[in-house]
Every structure is written in structure tokens, then in C-alpha cells.
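Heads up: the structure comes next, in C-alpha cells.
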Amino acid sequence: MSQFDTQEEQLEYLVRELKRDSGRYKDLVIPKGKLEKRRLMRSFMNIRMPEPMDEDFLKVQDQFLQQEAREKGIVSISRLASVKEELGCAMEHGERMVLWRGDITTLAADAIVNAANSQLLGCFVPCHGCIDNAIHSAAGVQLREECSRIMKAQGHSEPAGTAKITSGYNLPCRYVIHTVGPIVADTLTDEDCRLLAGCYESCLRLAAEKGLKSIAFCCISTGEFHFPQEIAAEIAVKTVRDFLRENGELDTVIFNVFKERDYEIYREIFCGGSSSVSCSL
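Position 229 of the sequence shown, counted from 1, bears residue number 229 in UniProt numbering, the numbering being contiguous throughout.
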């Protein structure tokens, strides 16, 4: 474990290095409790601008985050039952689709999808509950640096409905595909629906072009971006089904949900139900 004998020693080192790196918080008193220190480490990672960190820090950070991932429990794709197997539903390509409720940062898929913002740099709010924050926090500071390089080369914000791919770093997945979903203001529009469908299609095409065999989607735009859950799920399933109909590259597409309500919505759609409101796609 490099020069440290325990994870607690690694954590102490990482917090002190991030505190020193922050400059603004160099006089902050580090708490004694392990959970408080871990939360502070995540907070420092969240607010840190995308700049290189020295190799000694990265080595310890990587060891720490990878051990933490193992302790959370890495989920193999082979352990997940397909929609056809688990739900007994006769949806087309149900044998290639999975509905799974759990923590997307534990999935050992070829790629997981991050619901990003237009800056594509992750969430800067310390310990925020969004998936963008969770993915960047589990991946390590390198993910924000790679996203920054992509955005600098691009020269403008990422449009809604498009996607970019990066390494997964300390996540169990090989890659992270970042997509920006539409923000629903007051009334849902057909353009919102078109852009959300574009998110799913852009991610699927990137995965296929990269030769990936599995991809896990979160519920894009349904949280902070206020897209209605039922319609978002219908768009997700329809777009994936249409893609699988025309493309044989992907073996497994996972619809990852975190809330029981989202699980029920997807289950109803897979088994032949639909919401009373829809978009023109």
C-alpha cells in the first residue's frame, strides 16, 4: 500500500494534500473522524479546478479509491438478469436490455453514462447528491482534467443531446460517456424530447464506434433538469430498442435506476404499459 500501512493513513495524507493544494482552505482544521475526513476529501475534490496533481498524490488516491470500490462491491455485468429473464416481458430485444436498481459507480460495464452539465467538468457543489458528483468523486481528480482538455479543444459548451467519452479511471467501468440532457423550464416541449432522445442515441453510437459491448444509462435529465420521469423512460426505452434493432454491436444495455418509483416506471414500460402523455419524436 505504497508508503502507508492502512487506508486511514492514506486518507489522512490525501486530505492534507488536497487542503494544501486548495490554498483558500489551508488553515481549515481537519476533523478526526474517518467519515468526516472522507467527506472533506470528497469536498476538496469537488471544488478543485482541473489542474495537474503530482504523481505521488495520484498513486495514493488511485489505491484508496480502488480499494473503496472493492469494499462497496463491484457489480459484474454477467450477474445481471435481462429484462426478458427477470421480468418475463416479451419486449423486442429484451434479452439485450437490463433493468437494474443500484449504484452506477459500482458497475463493471464497458461504459457508464454520466448526466453532465454543459461545461462537462463535473459538479462543483461539495458532496452534492447528483450523479455527476458521484461519478467524478469515485473516478478521481483525473476525470475532471480529461474533461477540461476536451472542452478546451472544443472551445465551447457542450450542446444538449450530444456526448463525449473519457476514461473511467478508478471506476470499475472502462469508460464514462458524458451527455448533456435538456433542461425543462415550465412546459415540456417536443424539442426537449428530441434532445433527450439525442442523448441516448449519441451515447449508443459512441459506444458502438468504440467497440464496446455494454453500456449503463442513468435516468438522464429527470433530476435537477426536471424532465418528467415517465416520458423520459419511454424515450429511453424507445431509443435504445430502435438502436438495437439496427445495430448488433452492443450486447447489453442497462437502464440503471436509483429510486423505486423509477424502477416501477421502467417495469411497466417493458411489460407493455405507457404514460398518458407523450412527445412527437
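No residue lacks a Cβ here, since even glycine has one placed at the ideal position from N, Cα and C.
Check: Limits of the unbroken beta strand (DSSP E) element including A141; Outcome: Checking the displayed sequence, the identity of residue 141 turns out to be Val instead of Ala. That residue, V141, is in no beta strand (DSSP E); its alpha helix (DSSP H) goes 141-154.
Check: Local Cβ density within 10 Å of V60, reported as buried at 16 or more and exposed below that; Outcome: buried
Check: Which of helix, strand or coil DSSP assigns to H178; Outcome: strand
Check: Supposed contact pair A208 and N247 - C-beta distance, whole angstroms, cut 8 angstroms; Outcome: 6 angstroms
Check: For T105 and E8, the rounded distance between their alpha carbons; Outcome: 22 angstroms
Check: Selection from D251, E264, G23 that minimises the alpha carbon distance to G94; Outcome: D251
Check: Alpha-carbon spacing of G272 relative to N117, whole angstroms; Outcome: 33 angstroms
Check: T239 and A197 closer than 9 angstroms at C-beta; Outcome: yes
Check: Residue environment, E92, which counts as buried when at least 16 other CB atoms sit within 10 Å; Outcome: exposed
Check: Residues near G223 in its chain [Cβ-Cβ closer than 8 angstroms; skip 5 each side]; Outcome: A115, C130, I131
Check: Closest by C-alpha distance to G122, when choosing among N170, C147, A160; Outcome: C147
Check: Enclosing beta strand (DSSP E) for L99 [first to last residue]; Outcome: 97-101
Check: Inter-stretch contact at 8 angstroms, needing at least 3 Cβ pairs: the stretch 39-59 / the stretch 68-86; Outcome: no
Check: Residue range of the unbroken alpha helix (DSSP H) whose run includes N256; Outcome: No alpha helix (DSSP H) holds N256; the beta strand (DSSP E) holding it covers 252-257.
Check: When L195, E264, E268, A109 are compared against G168, the one with the closest alpha-carbon; Outcome: A109
Check: Where the beta strand (DSSP E) through N46 begins and ends; Outcome: Element bounds for N46: not the beta strand (DSSP E) but the alpha helix (DSSP H), 34-47.
Check: Where I30 sits in the DSSP three-state scheme; Outcome: coil
Check: V125 burial status per 10 Å Cβ neighbour count (16 or more: buried); Outcome: exposed
Check: Classification of H136 by the beta-carbon crowding that lies within 10 angstroms, buried from 16 upward; Outcome: buried
Check: Anticipated Cβ contact below 8 angstroms, A232 with I220, distance rounded; Outcome: 7 angstroms
Check: Three-state secondary structure assigned by DSSP to V240; Outcome: helix
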